[in-house]
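Colleague: Input: one structure, supplied below.
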Amino acid sequence: MPSVPPATSPIDEHAHGGYERLLRAAQALPPIRVAVAHPCSREALEAAIEARDADLIVPVLVGPRARIDALAVEAGLSLDGVERVDVEHSHAAAAAAVALARECKVDAVMKGSLHTDELLHAALDRENGLRTARRVSHAFLMDVPMYPRPMLITDAAVNIAPTLAEKADIVQNAIDLMHRVGYERPRVAILSAVETVNPAIASTVEAAALCKMADRGQITGGVLDGPLAFDNAVSEEAARIKGIDSPVAGRADVLVVPDLESGNMLYKQLVYLAGADAAGVVLGARVPIILTSRADSVRIRLASCALAVLLAQPRRPAS
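Quick note: the sequence shown uses full-length UniProt numbering, first residue 1, plus one each step.
This is the structure we're talking about:
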């Protein structure tokens, strides 16, 4: 049987309290330097300053300096001691922020007020980007009031229709993140519409293949099961009624969705109908990439930065 998070884990089994423990764990570590790409809206600039004031990041503001400084005055935000990199526009800001990460001058990159695609285009550039051998993927750490512990949903923002090989990387990225937030062996549910393998439903076949890949050591560090339908992935009662004997069913820590459409709908349903929070980060690049939204609360923004702090630690040189 897989182990549950230890009592000292920064994320433990208590609904709507996981982010607070996550923040405390991140704040116990040194703040990381973060290139904030084009923070040219009040929300984006406030997000960077809030994370600075919470002792999570040391922001490096990358964008048109005059515009950023004027925005700070208008918003009543102090930029004393905050480093700025002056570039003309959002495209240049994305490229400059990525360059800082490539040169190991920052530990993470954060989206400002530019489009997500614009930032990721720079980050995934084959010549000058932040690619690694691992497929880049996105993960939402969800805090759902009705679920007894935070859960990770992946991928609901980057990979549209991932192949089996890409899903293997998506799963490994998610497991690695869960290790960083305190789960020794996270329980990973590979979702589909049903919990049996059906050749007519490709996602069930791929789910079974991913589980066998884990058996053969091609995916490590977690306990996988699938295909599982959403109900028997998160409800022990549903799993019992359907006769599913599994260490994952009903107690999943990670939900791996078949494609971006299903993942995007799932996380938004949890946010808008179940009152969940969704802190997001891009995984698999040289550095974490923090994606925040104008609609995010301060709590979600800080939780997203806290994830990056925990992820960035292995890359930082020892003091």
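For every residue, glycine included, the Cβ atom is placed at its ideal position computed from N, Cα and C.
Is the region 221-233 in contact with the region 183-194, if contact means three or more CB pairs nearer than 8 Å?
Modeller: yes
Colleague: Exposed or buried, which one is E236 when buried takes at least 16 other CB atoms within 10 Å?
Modeller: exposed
Colleague: Could you name the residues of the same chain whose beta carbon sits closer than 6 Å to that of N264, not counting the 5 residues immediately before and after it, in chain order?
Modeller: Within its own chain, the residues whose Cβ lies closer than 6 Å to the Cβ of N264, once the five positions on either side in sequence are excluded, are A156, listed in chain order.
Colleague: When the Cα atoms are used, what is the spatial distance from D69 to E43?
Modeller: Take the alpha-carbon of D69 and the one of E43: they are about 14 Å apart.
Colleague: G226 and L210 - do their beta-carbons sit closer together than 8 Å?
Modeller: yes
Colleague: With a threshold of 8 Å, are at least 3 pairs of Cβ atoms found where one atom belongs to the region 43-60 and the other to the region 129-137?
Modeller: The answer is no - the region 129-137 does not touch the region 43-60, with fewer than three Cβ pairs under 8 Å.
Colleague: Do the CB positions of L22 and A306 come within less than 8 Å of each other?
Modeller: yes
Colleague: Does the region 68-88 touch the region 35-52, meaning 3 or more C-beta pairs lie closer than 8 Å?
Modeller: Touching, yes, given that three or more Cβ pairs across the two stretches are closer than 8 Å.
Colleague: Looking at M213: is its Cβ nearer than 8 Å to the Cβ of A168?
Modeller: yes
Colleague: Check the DSSP bridge columns for G280 and list the partner residues they point to.
Modeller: F140
Colleague: Between which two residues does the alpha helix (DSSP H) containing V287 stretch?
Modeller: V287 -> no alpha helix (DSSP H), and no H or E assigned at all.
Colleague: Kindly identify the DSSP beta-bridge partner or partners of M151.
Modeller: M142
Colleague: Grab me the residues of R180's own chain with a C-beta within less than 7 Å of its C-beta, minus the 5 sequence neighbours each way, in chain order.
Modeller: L310 and L311
Colleague: Could you give the residue range of the alpha helix (DSSP H) that holds D69?
Modeller: D69: member of the alpha helix (DSSP H) spanning R65 to A75, first to last residue.
Colleague: Can you check which of these residues, I241, I153 and A200, is closest to L270 by C-alpha distance?
Modeller: I153
Colleague: Which of the three DSSP states, helix, strand or coil, is assigned to K105?
Modeller: coil
Colleague: State the DSSP-derived secondary structure class of D53, mapped to helix, strand or coil.
Modeller: helix
Colleague: How would you write the range of the alpha helix (DSSP H) that I219 sits in, first residue to last?
Modeller: Looking at the DSSP string, I219 is not in any alpha helix (DSSP H), and its letter there is neither H nor E.
Colleague: Going by C-alpha to C-alpha distance, which of D259, S297 and V248 sits closest to V161?
Modeller: For the sequence presented, residue 161 should be read as Ala rather than Val. It is D259 whose Cα lies nearest to the Cα of A161.
Colleague: Within a Cβ cutoff of 7 Å, which residues of the same chain sit near A249, ignoring the five residues on either side of it in sequence?
Modeller: Cβ neighbours of A249 beyond the five flanking positions: D225, L228, N232, A233 and A239.
Colleague: Can you tell me which of A274, A207 and R185 puts its alpha carbon nearest to the alpha carbon of E195?
Modeller: A207
Colleague: Can you give me the start and stop residues for the beta strand (DSSP E) that R84 sits inside?
Modeller: E83 to D86
Colleague: To the nearest angstrom, report how far apart E83 and R294 are at their CA atoms.
Modeller: 23 Å
Colleague: Taking the beta carbon of V287 as the centre, do at least 16 other beta carbons fall within 10 Å, making it buried, or is it exposed?
Modeller: buried
Colleague: Which residues mark the beginning and the end of the beta strand (DSSP E) in which A249 is found?
Modeller: Note, A249: premise wrong, no beta strand (DSSP E); not H, not E.
Colleague: Taking the beta strand (DSSP E) that I190 belongs to, which residues open and close that run?
Modeller: R187 to L191
Colleague: What is the DSSP secondary structure of L255, reduced to helix, strand or coil?
Modeller: Strand.
Colleague: Is it true that the CB of A278 sits closer than 8 Å to the CB of M142?
Modeller: yes
Colleague: With 16 other CB atoms within 10 Å as the buried threshold, where does L95 fall?
Modeller: Here the sequence assigns Ala to residue 95, which means Leu is not the residue at that position. Classification for A95: buried.
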